[in-house]
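Chemist: Read top to bottom, the protein sequences are chains X and W. Read in numbering that gives the first Met the number 0, the first sequence has 260 at position 261, and its numbers run on one by one without any break. Read in numbering that gives the first Met the number 0, the second sequence has 192 at position 193, and its numbers run on one by one without any break. Dropping the structure in here first, questions after.
Protein chains: 2
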Amino acid sequence: MSTSKRATDHPPHRVLLGPGPSDVDPRVLRALAAPTLGHLDPEYLSIMDETRELMRQVFQTRNEMTIAVSGTGSAGMEACICNLVEPGDEVLIGVNGVFGGRMKDVAERYGAVVHTVEAEWGKAIDPQQVADAFAKHPHIRAVGIVHAETSTGEHQPVEEIAHLVRQHDALLIVDAVTSLGGLPVQIDQWGIDACYSGTQKCLSCPPGLAPVTFSSRALERIDARKTKVTSWYLDVTMLRNYWGEQRVYHHTAPINMTYALREALRMVVEEGIEQRIARHRRHHLMLRAGLEALGLEYIPEHPLTTLNAVRVPEGVDDAVVRGRLLNEFGIEIGAGLGPFKGQAWRIGLMGSSSTPRNVLLVLGALEFLLRDIGYTGGSGSAIEAAREVELSAAG
Amino acid sequence: MSTSKRATDHPPHRVLLGPGPSDVDPRVLRALAAPTLGHLDPEYLSIMDETRELMRQVFQTRNEMTIAVSGTGSAGMEACICNLVEPGDEVLIGVNGVFGGRMKDVAERYGAVVHTVEAEWGKAIDPQQVADAFAKHPHIRAVGIVHAETSTGEHQPVEEIAHLVRQHDALLIVDAVTSLGGLPVQIDQWGIDACYSGTQKCLSCPPGLAPVTFSSRALERIDARKTKVTSWYLDVTMLRNYWGEQRVYHHTAPINMTYALREALRMVVEEGIEQRIARHRRHHLMLRAGLEALGLEYIPEHPLTTLNAVRVPEGVDDAVVRGRLLNEFGIEIGAGLGPFKGQAWRIGLMGSSSTPRNVLLVLGALEFLLRDIGYTGGSGSAIEAAREVELSAAG
Chain X
0 MSTSKRATDH PPHRVLLGPG PSDVDPRVLR ALAAPTLGHL DPEYLSIMDE
50 TRELMRQVFQ TRNEMTIAVS GTGSAGMEAC ICNLVEPGDE VLIGVNGVFG
100 GRMKDVAERY GAVVHTVEAE WGKAIDPQQV ADAFAKHPHI RAVGIVHAET
150 STGEHQPVEE IAHLVRQHDA LLIVDAVTSL GGLPVQIDQW GIDACYSGTQ
200 KCLSCPPGLA PVTFSSRALE RIDARKTKVT SWYLDVTMLR NYWGEQRVYH
250 HTAPINMTYA LREALRMVVE EGIEQRIARH RRHHLMLRAG LEALGLEYIP
300 EHPLTTLNAV RVPEGVDDAV VRGRLLNEFG IEIGAGLGPF KGQAWRIGLM
350 GSSSTPRNVL LVLGALEFLL RDIGYTGGSG SAIEAAREVE LSAAG
Chain W
0 MSTSKRATDH PPHRVLLGPG PSDVDPRVLR ALAAPTLGHL DPEYLSIMDE
50 TRELMRQVFQ TRNEMTIAVS GTGSAGMEAC ICNLVEPGDE VLIGVNGVFG
100 GRMKDVAERY GAVVHTVEAE WGKAIDPQQV ADAFAKHPHI RAVGIVHAET
150 STGEHQPVEE IAHLVRQHDA LLIVDAVTSL GGLPVQIDQW GIDACYSGTQ
200 KCLSCPPGLA PVTFSSRALE RIDARKTKVT SWYLDVTMLR NYWGEQRVYH
250 HTAPINMTYA LREALRMVVE EGIEQRIARH RRHHLMLRAG LEALGLEYIP
300 EHPLTTLNAV RVPEGVDDAV VRGRLLNEFG IEIGAGLGPF KGQAWRIGLM
350 GSSSTPRNVL LVLGALEFLL RDIGYTGGSG SAIEAAREVE LSAAG
């Protein structure tokens, strides 16, 4: 390896304000580094049990089948789809960004006949579209929808769609990768049948596990399958017995990652789900006021409070600003994906990253750099706009 | 949660002498807990590059396509099979234990027509069986073989089989989960086309990643596929671009686990592959002499130096001894799997666990406990037998 490309021995401390990973609390990093236990050690099994129980609290569910899949969020997506879909099944997917498109791809790979309801990137799927799709395709067996579209920052209401899906005796699969732990995700109350998330977003744990939950209706569907699940690694019929009372050996769980997830979930529960959601909202409003004062325009119609997607202003070089943020201030924000490549910034305020300090930091740094490169847009000070929001929230 | 089932806040420090995970060096645990970087941060990308280069050294290969799959060893198995096998392909799998059986299951799930060559558990597959299978089924396109069968402790020679497979223009897939970093695994010299391992065995990193490598012949096969790979998460055509120069976003890699794997691989390379293999051999011989002095009989015909599978003596309660080892001395050894349930102990000396101290510790503890429960077998002191082997090795 040449000297110039030599990897750093000690990863630097960034402030992670991109679309994930978010900042990991030192408490979680310490948990991660605890001594490795055997995966069948009674002490580890009780840690798995506690982690399941904490996941149930965060998912707001009583679902027995709530586990952490041994992979990242996309493995969680694949686990939900490959278990609930059999070759030839008709499936409806809402596509208004990268992750809806990914669900479609995964469902097709597993042999589903995929219908889609689509919306412009940055707009939500209208429940009426789902109703129309059921009218046209009455044999739809499962519907997949992205609650928080990480590629556009759009917040998709799920409750009404869930109601429709249940009326048609189909199953609802929800992508909550960028919402779980930062926005309300009420599995039981809304009637969601399968939901997956990642650890590195609003839960602020390093990436590597995917919390998933399956309703009893979903498990009945799995029990009634005519074909084996193609993926051995993600087969819920076996994962159930591994995480269940019987502890039937399946694979070796990522032990240290489980420690970290447990600690991160404890922090969510200690803070309180409601309080945590309110914190995300409050800091989003501060940031939003500041970004808008700088003349930055939100892309989504209904912005997520966890991830802020704004347009890169005309004449501003996306890569230069992100590069300087990283190199001069150690701040990471995200670039645009797909059609938004070079045209969007995605600023995450997720989990431990959602602090007033980070709001001021990223606003200050953006104002500094944008003015530095000659950008003259906006109506005033980003910091002052954030202060006014905070004052009115306090008042 | 009831008090009795409450999970421990602080995982205790075990001595891990089971079939994996093995002991993780504090240096690796410290690396694991370094600050989380973004998965597209240039600093992280250079860490990925270094990790790839180190994996190539340990696999003894120049294969460009050498990566860590974001899952455990079984995800590595599935990645090799699902990419190299298309529905209807004829595949030959060697089955002489749990993991050969698992390969067969995975290949069938992905639509392969599976033929098997089988051997008794604890015996190796004879290359002649493979030659006979090719004579009977000339259209076999891939062969799967387990180098180190974790369920029986049997060491399977691979070189001759690799030669046969190449003569028939098929691809060879090798399971090196319990051998990589402890036994010779020479991808290029032996002519292996795809190989997978886990991090938590002889590499002594926590579980959660699966090092895999694909030869250029294997990549040509993937490029010539008529069908998409069913698994999106494990699709090598996309993983290649994610780990390659282009860095095309696929999923969020388990960042902190990559830190740990890099550090663990550095320790392998610093020690030297040859020296490390010799260390595993030396401590295996010490342990073996001690276990045999206690009258414990090895199950495999060709024992692995990394994992020692012995029969539980007549009249001795397997669970009592393992339970007391864990509870009184904090030592984990493994139980038997499948037909060996209750009848085997699997004692791993892998990676950081392969030390003379651990040899003495587990021999002393076993002698102590076996005598304590009234076992009278064996011909003498386990420690003295180990000392004699060490003396003759030194002389």
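Even for Gly, the Cβ is constructed at its ideal location relative to N, Cα and C.
1) Would you list, in sequence order, the uninterrupted beta strand (DSSP E) runs of no fewer than 3 residues that lie entirely inside the region 231-280 of chain W?
2) Please name the residue in Gly110(W), Ala175(W), Arg310(W) whose C-alpha comes closest to that of lysine 340(W).
3) So tyrosine 109(W) and valine 142(W) are in contact, right, with Cβ under 8 Å, and what is the actual spacing, rounded?
4) Is DSSP giving tyrosine 43(W) helix, strand or coil here?
5) When you compare only the Cα positions, how much space is there between tyrosine 195(X) and glutamate 77(X)?
6) Quick check: is the beta carbon of threonine 2(X) nearer than 8 Å to any beta carbon in chain W?
7) To which residues of the same chain is proline 253(X) closer than 7 Å at the C-beta, ignoring the five residues directly before and after it?
8) Mind reading off the beta-carbon distance from arginine 261(X) to glutamate 49(X)? Whole number of angstroms is fine, and I expect it under 8 Å.
9) Output the distance between the C-alpha atoms of glycine 19(W) and lysine 200(W), rounded to the nearest integer angstrom.
10) Applying a beta-carbon distance threshold of less than 7 Å, which residues of chain B neighbour isoleucine 254(W)?
11) Assign methionine 349(W) to one of three DSSP states: helix, strand, or coil.
12) Would you check if the distance between the CB atom of leucine 348(X) and the CB atom of threonine 305(X) is smaller than 8 Å?
13) Comparing the C-beta of leucine 238(W) with each C-beta of chain X, is any distance below 8 Å?
14) Determine the DSSP secondary structure at cysteine 81(X), reduced to helix, strand or coil.
15) When DSSP labels each residue in this structure, what does histidine 283(X) get in the three-state scheme?
16) Shortest alpha-carbon distance to aspartate 104(W) belongs to which of Val361(X), Asp234(X), Ile298(X)?
17) Which residue or residues does DSSP assign as beta-bridge partners of histidine 154(X)?
18) Closest Cβ-Cβ distance between valine 23(X) and chain W: below 8 Å?
19) Is the closest heavy atom of the ligand PLP to the C-beta of alanine 67(X) under 7 Å?
20) Could one say the Cβ of glutamine 199(W) lies closer than 8 Å to chain X's Cβ atoms, at least one of them?
21) Hey, is the region 219-229 of chain X in contact with the region 34-49 of chain X, meaning 3+ C-beta pairs nearer than 8 Å?
22) Quick one: which chain W residues come within Cβ less than 7 Å of leucine 36(X)?
23) At a cut of 8 Å, does the region 211-225 of chain W reach the region 184-198 of chain W through at least three beta carbon pairs?
24) Measuring straight from C-alpha to C-alpha, what distance separates proline 34(W) and valine 315(W)?
25) Out of Gln56(X), Leu390(X), Leu39(X), state which residue places its alpha-carbon closest to the alpha-carbon of histidine 249(X).
26) Rounded to the nearest angstrom, what separates threonine 198(W) and arginine 275(W) at their Cα positions?
27) Can you find the residues in the same chain that come closer than 8 Å, C-beta to C-beta, to threonine 2(X), ignoring five residues on each side of it along the sequence?
28) Which residues of chain X have a Cβ atom closer than 7 Å to the Cβ of tyrosine 109(W), listed in chain order?
29) For glycine 289(W), which residues in the same chain have their Cβ closer than 6 Å to its Cβ, ignoring the five residues on either side in sequence?
30) State yes or no: is the beta carbon of glutamate 77(X) nearer than 8 Å to at least one beta carbon in chain W?
31) Report the start-end ranges of each alpha helix (DSSP H) in the region 161-245 of chain W that is 4 residues or longer and not cut off at the edges.
32) What residue does the alpha helix (DSSP H) around glycine 99(X) start on, and which one ends it?
33) If you follow the beta strand (DSSP E) that arginine 310(W) is in, where does it begin and where does it stop?
34) Taking the C-alpha atoms as reference points, what is the distance between aspartate 131(W) and arginine 345(X)?
35) Which of the three DSSP states is assigned to arginine 140(W) in this structure?
36) If glutamate 89(X) sits next to isoleucine 124(X), beta carbons under 8 Å apart, how far is it from one beta carbon to the other, in whole angstroms?
Modeler: Quick answer:
1) Taken in chain order, the complete beta strand (DSSP E) segments of 3 or more residues contained in the region 231-280 of chain W number zero; there are none.
2) To locate residue 340(W), count along the second sequence from 1; it is residue 341. The candidate whose alpha carbon is nearest that of lysine 340(W) is Arg310(W).
3) One-based indexing of the second sequence puts residue 109(W) at position 110. One-based indexing of the second sequence puts residue 142(W) at position 143. No, tyrosine 109(W) and valine 142(W) are not in contact; Cβ-Cβ is about 15 Å, not under 8 Å.
4) Counting from one through the second sequence, the residue named residue 43(W) turns up at place 44. Tyrosine 43(W) falls in the helix class under three-state DSSP.
5) Reading the first sequence from its first residue, position 196 is the one you call residue 195(X). Reading the first sequence from its first residue, position 78 is the one you call residue 77(X). Within the model, the alpha-carbon separation for tyrosine 195(X) versus glutamate 77(X) is close to 9 Å.
6) As a position in the first sequence, residue 2(X) is number 3, starting the count at 1. Bear in mind that the predicted position of threonine 2(X) carries a pLDDT of just 39, short of 50, making it too unreliable to give a figure here.
7) One-based indexing of the first sequence puts residue 253(X) at position 254. Closer than 7 Å at Cβ, skipping near neighbours: Ser69, Gly207, Leu208.
8) Indexing the first sequence from 1 puts residue 261(X) at position 262. Indexing the first sequence from 1 puts residue 49(X) at position 50. So it is a contact: roughly 6 Å between Cβ atoms.
9) Translated into positions along the second sequence, residue 19(W) becomes position 20. Translated into positions along the second sequence, residue 200(W) becomes position 201. In a straight line, the C-alpha of glycine 19(W) is about 5 Å away from that of lysine 200(W).
10) No chain B appears in this structure, whose protein chains are X and W.
11) What you label residue 349(W) is simply residue 350 of the second sequence in a count that begins at 1. Assigned with DSSP and collapsed to three states, methionine 349(W) falls in coil, not helix or strand.
12) On the first sequence, position 349 is the one that residue 348(X) refers to. On the first sequence, position 306 is the one that residue 305(X) refers to. In this structure, threonine 305(X) lies closer than 8 Å to leucine 348(X) by Cβ.
13) Position 239 of the second sequence, counted from the first residue, corresponds to residue 238(W). Closer than 8 Å: no.
14) Here residue 81(X) refers to the residue found at position 82 when the first sequence is read from its first residue. For cysteine 81(X), the three-state secondary structure derived from DSSP is helix.
15) Reading the first sequence from its first residue, position 284 is the one you call residue 283(X). Assigned with DSSP and collapsed to three states, histidine 283(X) falls in helix.
16) Counting from 1 along the second sequence, the entry for residue 104(W) is found at position 105. Selected option, being the one with the closest Cα: Asp234(X).
17) Taking the first sequence and counting its residues from 1, the one referred to as residue 154(X) is at position 155. Histidine 154(X) pairs with Ala147(X).
18) Position 24 of the first sequence, counted from the start, is the residue given in the question as residue 23(X). Answer yes: the Cβ-Cβ gap between valine 23(X) and chain W drops below 8 Å somewhere.
19) Here there are no bound small molecules, and the ligand PLP is not part of this structure.
20) The residue you call residue 199(W) lines up with position 200 of the second sequence. Taking Cβ atoms only, chain X reaches closer than 8 Å to glutamine 199(W), which makes this a yes.
21) Segment contact: the region 219-229 of chain X against the region 34-49 of chain X, fewer than three CB-CB distances shorter than 8 Å; contact not assigned.
22) Here residue 36(X) refers to the residue found at position 37 when the first sequence is read from its first residue. Those within 7 Å of leucine 36(X) in chain W are Pro10, Arg13.
23) Yes, they touch.
24) Along the second sequence, one-based indexing puts residue 34(W) at 35. Along the second sequence, one-based indexing puts residue 315(W) at 316. Computed Cα separation, rounded: 48 Å.
25) Taking the first sequence and counting its residues from 1, one reaches residue 249(X) at position 250. Its Cα nearest to that of histidine 249(X), the residue Leu39(X) stands out among Gln56(X), Leu390(X), Leu39(X).
26) Position 199 of the second sequence, counted from the start, is the residue given in the question as residue 198(W). Position 276 of the second sequence, counted from the start, is the residue given in the question as residue 275(W). Cα atoms of threonine 198(W) and arginine 275(W): separation of roughly 16 Å, rounded to the nearest angstrom.
27) Taking the first sequence and counting its residues from 1, one reaches residue 2(X) at position 3. At threonine 2(X), the pLDDT of 39 sits below 50, so the modelled position is not reliable and the matter cannot be decided from this model.
28) Residue numbering aside, residue 109(W) sits at position 110 when the second sequence is read from its first letter. Within chain X, the C-beta atoms nearer than 7 Å to that of tyrosine 109(W) come from Thr229, in chain order.
29) Residue 289(W) sits at position 290 when you count from the first residue of the second sequence. Excluding sequence positions up to five before and after glycine 289(W), its CB lies within less than 6 Å of the CB of Leu362, Ala381, Ala384, Ala385, all in the same chain and listed in chain order.
30) If you number the first sequence from 1, residue 77(X) lands on position 78. Yes, glutamate 77(X) counts as interfacial toward chain W.
31) Taking only runs of at least 4 residues, the alpha helix (DSSP H) segments lying wholly in the region 161-245 of chain W are 186-189, 215-222, 235-242.
32) Residue numbering aside, residue 99(X) sits at position 100 when the first sequence is read from its first letter. According to the DSSP assignment, glycine 99(X) belongs to the alpha helix (DSSP H) that extends over 97-108.
33) Taking the second sequence and counting its residues from 1, one reaches residue 310(W) at position 311. Its beta strand (DSSP E) spans residues 306-310.
34) Within the second sequence, the letter at position 132 stands for residue 131(W). Within the first sequence, the letter at position 346 stands for residue 345(X). Straight through space, the alpha carbons of arginine 345(X) and aspartate 131(W) are spaced by roughly 59 Å.
35) One-based indexing of the second sequence puts residue 140(W) at position 141. Three-state DSSP puts arginine 140(W) in a strand.
36) The count along the first sequence starts at 1 and reaches residue 89(X) at position 90. The count along the first sequence starts at 1 and reaches residue 124(X) at position 125. At roughly 18 Å, the Cβ-Cβ gap does not stay under 8 Å, so glutamate 89(X) and isoleucine 124(X) are not in contact.
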